[in-house]
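Residue numbers (the working numbering): 346 to 636.
All residues carry an ideal CB built from backbone N, CA and C; glycine is no exception.
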């Protein structure tokens, strides 16, 4: 029998794709936001409330920057969108809920009456986290559904995840400022967990600053106000954060009235051409004379 030789196939050299470093910057910022949220959970377990709140604030700042940096560098991707949703769930769903849960349990020792409701505290913390997950999933679906009515551009549908975390942490922030034991109440924490969860899951319109415009003649007063807020953050950090949280919470019903006003105006504008067509129908073509 003859001997057969196995010929080795020549392998073509693989062309290695080179990825620019700038394409990684937005995803790195998103991962840093998620890491900051996980770090907040660690500080919450250790009852370091100031560090836990600051970690969530850092995550909020990174969350606001990563998308803008991606669009600026023109490196938006589906991977970045999925990473952003996961980071938001960790930083604004899980981390704030655990922070408030441990914050409530600190003033609920085994001999207290509130200790008997510790199961309720945990259930509400889970409720807030699940509502945040639902809100993020709905937001991703809305991106694929296309544009909505034009008046929706001024609003978010439901409380955004960073806004929900900010409102939820407002009692903790006020307690850090005043150092008053009266604010650190388990029942206040329960109410905030339920309210913020419902506001994130529902379709209530909340303010969106993406399409806000400032008139040119009011540019200087707005800049002065922003400088004042920055100065207050430097001098009275926790007080300013607490006031911002309360103002943001009170803006929700105002946004509801504003939304209804814009919707009625839009519906009236859409009804005008229809009414005009019914009032002045197009003249029917006159019949051609027959021979």
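Buried/exposed call for residue i, threshold 16 Cβ in 10 Å
i           : result
residue 501 : buried
residue 473 : buried
residue 366 : exposed
residue 637 : Residue 637 cannot be examined here, being either before or after the span of the chain that is shown, 346 to 636.
residue 466 : buried
residue 482 : exposed
residue 570 : exposed
residue 635 : Confidence is the limiting factor: at residue 635 the pLDDT is only 46, short of 50, which leaves the residue's position unreliable and the question unanswerable from this model.
residue 709 : Outside the displayed span of the chain (346 to 636) sits residue 709, for which this structure offers no information.
residue 494 : exposed
residue 374 : buried
residue 554 : exposed
residue 585 : buried
residue 574 : exposed
residue 633 : Bear in mind that a pLDDT of 49 at residue 633, under 50, signals an unreliable position, so the number given afterwards is only what the model happens to contain. That one is exposed.
residue 557 : exposed
residue 520 : buried
residue 486 : exposed
residue 364 : exposed
Bridge partners - residue i, DSSP secondary structure assignment
i           : result
residue 552 : 500
C-alpha gap between residue i and residue j, whole angstroms
i           : j           : result
residue 479 : residue 546 : 6 Å
residue 537 : residue 393 : 20 Å
residue 511 : residue 613 : 36 Å
residue 628 : residue 603 : Because the pLDDT at residue 628 is just 49, under 50, the model does not fix this residue reliably, and the value given afterwards should be weighed accordingly. In a straight line, the C-alpha of residue 628 is about 41 Å away from that of residue 603.
residue 548 : residue 476 : 12 Å
residue 616 : residue 499 : 22 Å
residue 566 : residue 572 : 10 Å
residue 577 : residue 371 : 30 Å
residue 426 : residue 455 : 44 Å
residue 376 : residue 508 : 20 Å
residue 597 : residue 417 : 31 Å
residue 591 : residue 533 : 14 Å
residue 551 : residue 600 : 6 Å
residue 464 : residue 431 : 27 Å
residue 421 : residue 409 : 15 Å
residue 505 : residue 583 : 22 Å
residue 631 : residue 503 : Because residue 631 sits at a pLDDT of 49, beneath the cut-off of 50, its placement in the model cannot be relied upon, and the point is left open.
residue 587 : residue 544 : 19 Å
residue 542 : residue 411 : 25 Å
residue 524 : residue 428 : 37 Å
residue 568 : residue 561 : 11 Å
residue 444 : residue 397 : 7 Å
residue 414 : residue 407 : 10 Å
residue 564 : residue 404 : 29 Å
residue 471 : residue 441 : 11 Å
residue 395 : residue 468 : 24 Å
residue 447 : residue 594 : 23 Å
residue 391 : residue 589 : 27 Å
residue 433 : residue 424 : 14 Å
residue 610 : residue 484 : 26 Å
residue 607 : residue 497 : 9 Å
residue 581 : residue 540 : 27 Å
*On the three-pair Cβ rule with 8 Å, is the segment 363 to 383 touching the segment 430 to 438?*
yes
*Decide if the segment 457 to 472 is in contact with the segment 509 to 528; the criterion is three or more beta carbon pairs, one per stretch, under 8 Å apart.*
no
*Do the segment 441 to 457 and the segment 521 to 531 make contact, defined as three or more Cβ pairs closer than 8 Å?*
yes
*Would you list, in sequence order, the uninterrupted alpha helix (DSSP H) runs of no fewer than 4 residues that lie entirely inside the segment 447 to 522?*
463 to 490 and 506 to 513
_Going residue by residue through the segment 369 to 427, where are the continuous alpha helix (DSSP H) segments of at least 4 residues, counting only ones entirely within it?_
370 to 390 and 394 to 418
*Give, in chain order, every unbroken run of the beta strand (DSSP E) that is at least 3 residues long and sits entirely within the segment 545 to 620.*
Within the segment 545 to 620, the complete beta strand (DSSP E) runs of at least 3 residues are 550 to 552.
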